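Have a look at the structure below, then the notes.
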Amino acid sequence: MDEECDYLFKAVLIGDSGVGKSNMLSRFAKDEFRLDSKPTIGVEFAYRNIRVKDKLIKAQIWDTAGQERFRAITSSYYRGALGALLVYDITRRSSYESVGRWLVELREFGGEDMVVILVGNKCDLGESREVEEEEGKEFAETEGLCFMETSALKNLNVEQVFLQMITKILEITSQRSL
Ligand code: GDP
């Protein structure tokens, strides 16, 4: 960890293939949108230093890099992760229907206090919407998750969703160290 960082947080991106995870990560880490994104096999991660509530946090965000297509995410992907963005595509109902399965896996491999945010991505494609915002929100409430809709393409709420996750992790971590 960099000397000047107060915390290093690992967080993971999870959800069906094609929902926009890689593009959300490149937005957050590099502020760019990869139109030609082709998932590579393996696991990728990116870092970004971010200041939250007077603390400098090194956020290490892991991306499945295509592994989720084969349901080949292993427990090492989740190991040590304090937060997760569970992403679906608002224009693809099947990706929303998979959320429950991803949640089971997250709860099995992730820590008890893991901060999970349900993310409905591609909200710029409102005309092709298959999942209402209210539906995602209600599901998140019943499962005790936070919820946000984003667009990696239009860069809507991407920064906010990562920030929300990191802030919540920081709250939990600092309460624990009191
Ligand atoms: P991943 O497989 O979940 O990592 O998804 P990718 O980030 O590779 O994105 C899959 C496809 O969706 C790509 O063609 C992206 O250009 C597109 N995409 C990602 N996010 C958005 C978004 O917010 N809006 C729109 N319209 N397209 C998106």
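So the mapping is simple: the working numbering equals the position in the sequence shown, first residue as 1, plus 2. The beta carbon of each residue, even a glycine, is placed where N, CA and C say it ideally should be. Please read all numbers here as calculations on a predicted model, not as lab measurements.
The three-state reading of DSSP puts R50 in strand, counting E and B together. Each residue's CA atom was taken as its position, placing T175 and K124 some 31 Å apart.
Going by C-alpha positions, I119 is about 15 Å away from W64.
Inter-residue distance for A48 and N159 is about 19 Å (C-alpha atoms, whole angstroms). Relative to the ligand GDP, G122 has its C-beta separated by 7 Å or more from all heavy atoms.
Note that the C-beta distance between I16 and L108 is below 8 Å.
A Cβ-Cβ distance of about 13 Å is found for the pair E151 and E132, leaving them out of contact under the 8 Å criterion.
Annotated three-state conformation of I75 is coil, per DSSP.
Taking a contact as a CB-CB distance under 8 Å, the pair G82 and K12 counts as one, their CB atoms being some 5 Å apart.
Rounded to whole angstroms, L27 and A61 show a C-alpha spacing of 11 Å.
Annotation: the stretch 145 to 170 contains no complete segment of the alpha helix (DSSP H) (minimum length 4 residues). With a threshold of 7 Å, the Cβ atom of S24 counts as near the ligand GDP, since some heavy atom of the ligand is closer than that.
By the neighbour-count definition (other C-beta atoms within 10 Å, threshold 16), N25 is a buried residue. S153 has its Cβ nearer than 7 Å to a heavy atom of the ligand GDP. Here the distance from the Cβ of V21 to the nearest heavy atom of the ligand GDP is below 7 Å.
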